[in-house]
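2 protein chains.
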Amino acid sequence: MKQPNTKQLILSTALDLFSKHGYAGASIRHIARSIGIRESAIYNHYKSKEEIFSAILSEFKAVTISEKILSDDLIEDLVNPEKFLKRFVIKLISQWSSATERKFIRLLLMEQFTKIGSTELSVSGYLIELRSICKMIFSEMSKHNIIKKVDPEILANQFTAPLFLIRTEYMTNDDVKEINKVYDLANKHVEFFWNAVKL
Amino acid sequence: MKQPNTKQLILSTALDLFSKHGYAGASIRHIARSIGIRESAIYNHYKSKEEIFSAILSEFKAVTISEKILSDDLIEDLVNPEKFLKRFVIKLISQWSSATERKFIRLLLMEQFTKIGSTELSVSGYLIELRSICKMIFSEMSKHNIIKKVDPEILANQFTAPLFLIRTEYMTNDDVKEINKVYDLANKHVEFFWNAVKL
DNA sequence: ATTCATAATGAACGCTCGTTAATATATGCA
DNA sequence: TGCATATATTAACGAGCGTTCATTATGAAT
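As structure tokens, then:
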């Protein structure tokens, strides 16, 4: 193999251009020229534009939030729930801040309604794991009488929704200058939420 | 004039197709064939595809949420804040449920990152008026010692965010079968929120 | 050094795109 | 009735699209 990185280069370049111009708006030629090869060379690695799109999606489905966020030292903080929630959110946001993740959510928001082949792409699908983790956390807290007795599912929704809006509003473009505002908003959200549920 | 409705037909058809396939994905020919005319006929009414897009946006900027939602009988409910909030949300959601509004938010989510001509299209811009109305409401409630003393801007964010997520998740596709779930989620949200802020 | 799979190239295909021009038709008014 | 205007049609343009194919360059294994 001459350049074994070409296949991966196609994927990252395609994600970049798809997230900027949409699936229909970014052409195979754009992707190829952006890498520095001819469009026909791409077909040595992927058999169609659609396959590139699917490959991007597979790459993201492979890694779960749990592995990214729920580290052991974080779990230990569960004895101090407010501190735990704050650290959890900080970890989540710093995870969301990565260039690749930002591009992916952009692509998700843009193409959630467009059927591309047989691929499913939905906000619900994207949030489902985060919500179930939160539900689990609040369920435990409730069981140990740390928080009020409210349906954990409702708590998970209430905790997740403002974070998602913050993400949608401030974490989808390229400049990171607003990252302080993001942490500020997220922190205020945790404080409001904690005051609402603590016993 | 033969068919004075053609110009408006182009607009509504374009909104429909743009919201289904995106701006780049819906062609002038699609729009024309969908109306039942040839593509060149469109140029008797709009001078470019971009102008059609701008016209759609102008039509939506023209009407404000205040006029749609804040009726007099609703204002009278302010003496019973929880009832007021519940009715406010119901009115908001039934407003959001209209086919045109659903198509518009879809278009907004799809094209918020794509520069189309000089048009600005952002979630923040879409939410700014709703948020400022909520901020005003909570500011008044706080002044009259109906709710806890919390920064009205934070309250507006906390009140708005879950509603927006509900809208994004359940109110963007064509089937209305999930509308009961929407009202249920919204109602639970108001209850959680009210318990968090009431004195 | 030759072989051979891999990966690059350039040219071409059939198609759709946004847009324009020339032309035809129908309507409203003098 | 006839003329001006608005609105439609048909045809074509240059360009870009996804994709294919024959060909050439590359680099590792024999």
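In the order they appear, the protein sequences are chains A and B. Under the working numbering, the residues of the first sequence are numbered 421 to 619, in order. Under the working numbering, the residues of the second sequence are numbered 421 to 619, in order. C-beta: ideal position from N, C-alpha, C; glycine also. Computed from a prediction, not measured in an experiment: that's the story for all the values here.
Query	Result
Looking at LEU512 of chain A: is its Cβ nearer than 8 Å to the Cβ of LEU583 of chain A?	yes
At least one CB of chain A closer than 8 Å to the CB of LYS608 of chain B: is that the case?	yes
Taking DSSP as the reference, what is the three-state secondary structure of ILE457 of chain A?	coil
Just to confirm the assignment, what range does the alpha helix (DSSP H) spanning LYS481 of chain A have?	469-482
Does any residue of chain B have a CB that is nearer than 8 Å to the CB of ILE476 of chain A?	no
Out of B:TRP516, B:LYS506, B:GLN532, B:ASN464, which has the shortest C-alpha to C-alpha gap to GLY442 of chain A?	B:GLN532
Can you list the alpha helix (DSSP H) stretches of 4 or more residues lying completely in the segment 504-573 of chain A, in chain order?	519-531, 543-563
Measuring straight from C-alpha to C-alpha, what distance separates HIS465 of chain B and ILE455 of chain A?	41 Å
Would you kindly report the start and end of the unbroken alpha helix (DSSP H) that includes ASP492 of chain B?	492-496
Would you mind telling me which residues of chain A sit closer than 7 Å to SER544 of chain B, beta carbon to beta carbon, in chain order?	GLU589
If you draw a straight line from the alpha carbon of VAL596 of chain A to that of LEU547 of chain B, how long is it in whole angstroms?	22 Å
Looking only at its chain, what residues have a beta carbon closer than 8 Å to the beta carbon of GLU549 of chain A, apart from the 5 residues adjacent to it on each side?	THR484, ILE485, SER486
Residue range of the alpha helix (DSSP H) that SER432 of chain B falls in?	426-441
So LYS601 of chain B is in the alpha helix (DSSP H); what residue range does that whole segment cover?	599-617
If you drop the 5 nearest sequence neighbours on each side, which residues of the same chain put their C-beta closer than 7 Å to that of LYS523 of chain B?	LEU435, ASP436, SER439
Please report the residue range of the alpha helix (DSSP H) in which SER486 of chain A lies.	485-489
Output, in sequence order along the chain, the residues in the segment 494-509 of chain A whose CB is closer than 8 Å to any CB in chain B.	none
Along the segment 577-588 of chain B, where does the CB come closer than 7 Å to a CB of chain A? Name the residues.	ASN577, GLN578, ALA581, PRO582, PHE584, LEU585, THR588
Can you tell which of A:ILE525, A:LEU575, A:VAL499 has its C-alpha closest to the C-alpha of HIS609 of chain A?	A:LEU575
Is any beta-carbon of chain B found at less than 8 Å from that of LYS422 of chain A?	Low confidence applies here, because LYS422 of chain A scores a pLDDT of 39, under 50, leaving its location unreliable; read the following figure in that light. For LYS422 of chain A, the answer is no, since every Cβ of chain B falls outside 8 Å of its Cβ.
Can you say whether ALA461 of chain B is buried or exposed, counting buried as having 16 or more other CB atoms within 10 angstroms of its CB?	exposed
Which class does VAL499 of chain A belong to by DSSP, given the choice of helix, strand or coil?	helix
Can you give the Cα-Cα distance for ASN615 of chain B and ILE567 of chain B, rounded to whole angstroms?	10 Å
For GLY445 of chain B, which of helix, strand or coil comes out of DSSP?	coil
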